[in-house]
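One structure is given below, encoded as C-alpha cells.
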Amino acid sequence: MIEWSEQHQAIFSAFRRFVQQEIAPLRDELEHGTLPPYDVLRKMFATFGLKELAEMRFAKALEQDAAADRPASDSEQDDGVGGDMVAMQMIPIIELSRVSPGMVTALGVSAGLTAGTILSRGTRAQKERWGRELLTLDRIGAWAITEPGSGSDAFGAMTSTARRDGDEYLLNGNKTFITNGPYADTIVFICKLDEGNDPKVRKVLSFVLDRGMPGLTQSKPLRKMGLHASPTGELFLEDVRVGRERLLGETEEISYRTGAKDTFKTERTGVVAMALGIVEECLELCVNYAKTRVQFGKPIGEFQLIQLKIAKMEVARMNIQNLAFRLIELARKGKKMSLAEASACKLYCAGAASEVALEAVQLFGGNGYMAEYRVEQLARDAKVLQIYGGTDEIQVSQIARSLLE
Amino acid sequence: MKILVALKRVADPANHNKVKIPASGDRIDTAGLEWQINPFDLYALETALRLTENGKNPKKREGEVVVLTIGPKETETNLRSALATGADRAIRIEAVDEELDGRLVAHALAKIVEEEKPDVVMMGKQVVDSETNMVGQVLAELLDWPMATFAATIQEQPDGLLVEREVDGGVAKVKVTLPAVVTVDLRIVSPTSVRSKHTEAGFKYPYEEVRFAPLPAIMQAKKKPLAIKNLSELTPDLKSTTRYVKYEAPPGRKAGIKVKDVQELVQKLATEAKVI
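Chains as they are written, first to last, in the numbering used here: chain A, 2 to 406; chain B, 2 to 277.
What follows is the structure in C-alpha cells.
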C-alpha cells in the first residue's frame with residue numbers, strides 16, 4: 002500500500018465533515034470537562050452505521066466461537082478484509098485526533114479495550130451480557146489495571162485482591178488513572194487472587210463489574226494536563242461481592258499475561274493513527290499560519306528557521322503514515338506485528354507527535370500559547386501518547402530485550 | 002418515482018484561494034484544486050432521496066435515483082460518493098471540461114432523458130464555480146417539459162409536484178405535472194421541506210444538509226452500477242458556443258483611509274466615492 006485509496010478518501014472526507022460540524026463546535030465544553038464525550042460519539046456511531054457494524058462484529062465473534070475453539074482475536078485471517086477493517090478503524094481515529102484526541106481514548110478504551118477483553122476472554126454468556134452493548138456504545142466501559150503504587154510494573158506491584166468466600170469472591174482495592182472511570186457502566190477489574198500465598202506468585206484474575214454495585218465507588222474526573230475530552234478517574238472497591246459469573250472466563254486457570262500482550266499490541270497500533278491525526282493537523286495549521294503571519298515585512302514561512310520546523314513536521318508525517326500503511330498491509334496479509342515492532346512504532350509515533358505539536362506551539366509564538374489557536378491543546382494531548390499504553394521507557398526496554406535475548 | 006439528478010463537480014469553494022490564473026489569462030489553472038460536488042446539486046441529491054423514501058427507513062427505497070455527471074474519469078470519485086450517499090446507480094458522460102457549456106450539457110442531458118425516461122430531472126439552482134444557472138431551464142425547453150426552478154419546498158401529490166419558490170416579497174406556488182424539471186434552492190434541505198407520498202405525517206429530518214454516507218455504504222458504493230457514455234456520440238453535431246475571452250482575478254482589496262472629521266468624510270463621499 003502506497004497511498005490511501007479512493008474509498009479511504011471518501012471515508013476521510015465524511016468523517017472530516019462530521020468532526021467539523023459536530024465536534025469542533027463542542028471543543029470548549031469538552032476541554033473544560035463540562036461535557037462527557039459519549040453522546041457525540043454515539044451520534045457518530047448512528048450517523049455512519051458503526052452501530053450496525055458493531056452488531057455484525059459481535060455476531061461474527063459469537064459465530065466463530067461456536068465454529069472453532071480458536072480465540073476470537075485471530076479473526077482477521079482472510080484475504081484483504083482484515084486490511085480494510087484496520088483502515089476503516091484507523092481513518093475515524095485520524096480524523097477525530099485532529100480535533101479531539103481525548104475522544105479517541107474514551108472511545109478506544111470502551112469499545113476497543115474493555116469490549117475486546119470481554120470478547121476474547123469471556124464465556125459466551127459473559128459476551129452476550131456485556132460485549133454487545135459495549136461494542137455499540139450503549140454502555141460505556143472502563144478497563145482497570147493501574148493503581149496508585151503500580152504503573153509500568155502493573156502486575157508486580159498490584160495490591161487489588163480477590164478473596165474466595167464460599168462460591169463467591171470479595172474484591173478490594175484502589176485503581177487510578179482509569180479512562181471512563183467516572184462514567185463507566187461496565188468495568189473490567191484486574192486483581193490478584195489472595196489465597197494467603199506470596200503476592201508474587203498469585204494468579205491474576207479479571208472481574209466484570211457494573212455501575213452502582215454495593216462497595217464500588219467511582220470518583221469524579223481527575224484534573225490533568227491534557228486529554229480533557231477523556232474523563233479519567235479513580236475506583237474504590239470495598240468488599241465488593243461477586244459471583245463466579247462475573248469472573249472473566251469463569252475459571253481461575255487462565256494466564257492473564259498472554260491475553261494482555263494482544264491488548265498492548267492493539268493499543269500501541271492505535272497510537273499510530275492518533276499520532277498521524279495530531280501531526281497532520283499541526284502541519285496544516287502551521288503551513289497556513291506560516292503563509293499568512295507577517296513579521297519583519299514578510300510571511301514568516303520565508304524565514305529558514307520556520308521552514309526547518311515545517312520540513313521536520315512533514316518528515317514525521319511521512320514516517321507515521323508509512324507505518325500506518327504497513328499496519329494495514331500486514332492485516333491484509335493476515336499478519337500481525339511482533340510486540341517489539343509494535344513497541345517501536347508506538348515509541349516513534351508518540352515521540353514524533355509530541356515533538357511536532359510542541360514545535361507547532363513554537364511556530365505560532367504567542368498565539369501558539371493561547372487556546373484559541375488550538376496547537377497548545379494538541380501539544381498537551383500528544384504528551385500522553387508517550388505515557389499511556391506503556392511509557393516510552395517500557396517500549397525501549399521491550400525493543401531492546403527482543404534484540405538482546 | 003424515478004429521478005435523474007445531474008451533478009457537476011466544482012473546485013472546493015472553501016479553498017477558493019487556491020484558484021490560480023496564469024499570466025496569459027486564457028484559462029483557470031486547475032492543478033492542485035480539490036474537487037467536490039456543487040453544493041446545490043448535493044441538495045438536489047438529498048431532495049431526490051427524500052422523495053424516494055419514507056424518511057424513517059432510508060434503506061427501503063420507494064423509487065430510483067440515478068445520478069449523472071459530465072466530465073473526465075476523475076469525476077467518478079464524485080459519482081461514487083453520491084452512490085454511497087444513497088443513489089442507486091450512476092452515469093458518467095465522458096467529456097473534457099473545457100469543451101462544455103450550459104447549452105451543450107442540456108442537449109446531452111436531453112439525450113439521456115430519452116433513454117432513461119425519468120419522472121423528474123433534478124439539479125441545483127446554479128453552480129458555485131461560474132455562478133451560472135441555465136441547464137435546467139434549457140433542458141425543460143428542449144424536452145418541452147414543465148419546470149419549477151429555485152424550489153424551496155416540494156410536496157408530492159397524486160398528479161404531480163407542488164413546488165414553493167421563494168421570490169421577492171413572498172412565496173410562489175407552482176404545480177407541475179410529471180415528467181418535469183426541478184432545480185432546488187438552499188432551503189429545500191430543511192427538516193420538513195420535502196414530502197413524498199411515502200413520508201409519514203409529521204416526520205422531520207433531523208438534519209439540514211445532505212446526509213452523511215454510512216461507512217458500509219461507502220464500502221459498497223463500488224458495487225453499484227456506473228455506466229459510461231460518450232458526449233461525442235450523444236451530441237455529435239454540437240459544440241460549445243460559449244467563448245471565454247479572458248480570465249482575470251478580482252482586484253485585491255486596497256487599504257482604507259482614515260478621515261479627520263465628519264466634514265472630510267462627507268466631502269470625500271461626495272467627490273471621491275461619488276455616492277452622495
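Cβ coordinates follow ideal geometry from the N, Cα and C atoms, glycine included.
Just so we're clear, the structure is a prediction, and the values are computed from it rather than from any experiment.
C-beta atoms of residue i and residue j nearer than 8 Å
| i | j | result |
| --- | --- | --- |
| Gly234 of chain A | Pro222 of chain A | yes |
| Gly142 of chain A | Val110 of chain A | yes |
| Val67 of chain B | Leu50 of chain B | no |
| Asn289 of chain A | Pro232 of chain A | no |
| Met89 of chain A | Leu97 of chain A | no |
| Met159 of chain A | Ser153 of chain A | no |
| Phe19 of chain A | Phe213 of chain B | yes |
| Leu172 of chain A | Leu238 of chain A | yes |
| Ile321 of chain A | Val280 of chain A | yes |
| Thr70 of chain B | Lys126 of chain B | no |
| Val41 of chain A | Leu27 of chain A | yes |
| Ala419 of chain A | Pro38 of chain A | The displayed coordinates of chain A run from 2 to 406. Any statement about residue 419 of chain A would go beyond what the structure contains. |
| Val243 of chain A | Tyr170 of chain A | yes |
| Arg247 of chain A | Leu210 of chain A | yes |
| Ala45 of chain B | Met124 of chain B | yes |
| Ala325 of chain A | Ile307 of chain A | no |
| Lys201 of chain A | Leu194 of chain A | no |
| Val177 of chain B | Glu47 of chain B | no |
| Lys44 of chain A | Glu23 of chain A | yes |
| Ile219 of chain B | Ala88 of chain B | no |
| Leu235 of chain B | Val182 of chain B | no |
| Val260 of chain B | Lys269 of chain B | yes |
| Lys266 of chain A | Lys337 of chain A | yes |
| Lys347 of chain A | Arg269 of chain A | yes |
| Ile4 of chain B | Leu52 of chain B | yes |
Integer-rounded CB distance, given that residue j should sit under 8 Å from residue i
| i | j | result |
| --- | --- | --- |
| Ser197 of chain B | Glu165 of chain B | Contact doesn't hold; Cβ gap of about 15 Å is too wide. |
| Gly227 of chain A | Val376 of chain A | That pair is no contact at about 12 Å. |
| Ser403 of chain A | Ala341 of chain A | 4 Å |
| Ile94 of chain B | Ala109 of chain B | 6 Å |
| Ala332 of chain A | Cys283 of chain A | Not a contact, Cβ separation roughly 27 Å. |
| Val20 of chain B | Val128 of chain B | Val20 of chain B to Val128 of chain B, Cβ: 14 Å. No contact. |
| Leu135 of chain A | Ile119 of chain A | 7 Å |
| Thr147 of chain A | Phe178 of chain A | 5 Å |
| Pro180 of chain B | Asp120 of chain B | 5 Å |
| Pro215 of chain B | Gly50 of chain A | 3 Å |
| Gly123 of chain A | Leu249 of chain A | 5 Å |
| Ala401 of chain A | Leu379 of chain A | That belief does not hold up - the Cβ atoms of Ala401 of chain A and Leu379 of chain A are roughly 30 Å apart, past 8 Å. |
| Gly302 of chain A | Ile94 of chain A | That belief does not hold up - the Cβ atoms of Gly302 of chain A and Ile94 of chain A are roughly 30 Å apart, past 8 Å. |
| Glu54 of chain B | Glu63 of chain B | 6 Å |
| Ala96 of chain B | Leu227 of chain B | About 16 Å; that fails the 8 Å criterion. |
| Ala230 of chain A | Ser101 of chain A | 5 Å |
| Glu249 of chain B | Ile22 of chain B | 7 Å |
Enclosing beta strand (DSSP E) for residue i [first to last residue]
| i | result |
| --- | --- |
| Tyr208 of chain B | First-last for Tyr208 of chain B: undefined, no H or E at that position. |
| Met124 of chain B | 121-125 |
| Gln8 of chain A | Per DSSP, Gln8 of chain A belongs to no beta strand (DSSP E); it is in the alpha helix (DSSP H), 7-19. |
| Asp382 of chain A | Run containing Asp382 of chain A: none in the beta strand (DSSP E); it sits in the alpha helix (DSSP H), 376-384. |
| Gln22 of chain A | No beta strand (DSSP E) holds Gln22 of chain A; DSSP gives it neither H nor E. |
| Asp186 of chain A | Unbroken run through Asp186 of chain A: none, as it is neither H nor E. |
Where the alpha helix (DSSP H) through residue i begins and ends
| i | result |
| --- | --- |
| Leu359 of chain A | 340-365 |
| Arg104 of chain B | 103-117 |
| Asp240 of chain A | Segment 233-243 is the beta strand (DSSP E) holding Asp240 of chain A; no alpha helix (DSSP H) there. |
| Ala271 of chain B | 263-272 |
| Tyr170 of chain A | Per DSSP, Tyr170 of chain A belongs to no alpha helix (DSSP H); it is in the beta strand (DSSP E), 169-180. |
| Arg164 of chain A | Counting along the chain, Arg164 of chain A falls outside any alpha helix (DSSP H), though it belongs to the beta strand (DSSP E) covering 162-166. |
| Met148 of chain B | Run containing Met148 of chain B: none in the alpha helix (DSSP H); it sits in the beta strand (DSSP E), 148-158. |
| Gly171 of chain B | Careful: Gly171 of chain B lies outside any alpha helix (DSSP H), inside the beta strand (DSSP E) at 171-177. |
| Ile307 of chain A | 305-333 |
Residue-chain proximity (residue i, chain D), Cβ-Cβ < 8 Å
| i | result |
| --- | --- |
| Ala361 of chain A | Protein chains A and B are contained in the structure displayed, whereas chain D is not. |
Worksheet entry | the segment 92-105 of chain B in contact with the segment 133-152 of chain B per 3-pair CB rule at 8 Å | Touching, per the Cβ criterion.
Fill in: Residues of the segment 35-53 of chain A with Cβ closer than 9 Å to any Cβ of chain B, in chain order
The segment 35-53 of chain A vs chain B, Cβ under 9 Å: Thr48, Phe49, Gly50, Leu51, Glu53.
Practice prompt. Select from the segment 80-102 of chain B all residues with a C-beta closer than 8 Å to any C-beta belonging to chain A, and list them in chain order.
Written response: Identification of residues in the segment 80-102 of chain B having a C-beta nearer than 8 Å to some C-beta of chain A yields Arg81, Ser82, Ala85, given in sequence order.
Item to complete: Quick one: which residues of the segment 202-217 of chain B get their C-beta closer than 7 Å to a C-beta of chain A? List them in chain order.
Response: Taking 7 Å as the Cβ-Cβ cut-off against chain A, the residues of the segment 202-217 of chain B that qualify are Phe213, Ala214, Pro215, Leu216, Pro217.
Discussion item. Contact between the segment 69-83 of chain B and the segment 27-41 of chain B is defined here as three or more beta-carbon pairs at a separation below 8 Å; is this criterion met?
Written reply: Contact between the segment 69-83 of chain B and the segment 27-41 of chain B is present, because at least three Cβ pairs lie under 8 Å.
Worksheet entry | At least 3 beta-carbon pairs within less than 8 Å: the segment 189-204 of chain B vs the segment 25-34 of chain A | The segment 189-204 of chain B, when compared against the segment 25-34 of chain A, does not touch it at the 8 Å Cβ threshold.
Worksheet item: Taking one C-beta from the segment 160-175 of chain B and one from the segment 17-34 of chain B each time, how about it: are there three or more such pairs within less than 8 Å?
Response: Counting Cβ pairs under 8 Å, fewer than three are found: no touch.
Item to complete: Compile a chain-ordered list of the residues in the segment 89-112 of chain A whose CB is closer than 7 Å to at least one CB of chain B.
Response: Taking a C-beta cut-off of 7 Å against chain B, the contacting residues of the segment 89-112 of chain A are Met89, listed in chain order.
Discussion item. Residues of the segment 217-240 of chain B in Cβ contact with chain A at a cutoff of 8 Å, in chain order, please.
Written reply: Residues passing the 8 Å Cβ filter: Pro217, Ala218, Ile219, Met220, Ala222, Lys223.
Worksheet entry | Proximal residues, the segment 55-80 of chain B versus chain A, C-beta separation under 8 Å | Thr78: these are the residues of the segment 55-80 of chain B whose beta carbon lies less than 8 Å from some beta carbon of chain A, given in chain order.
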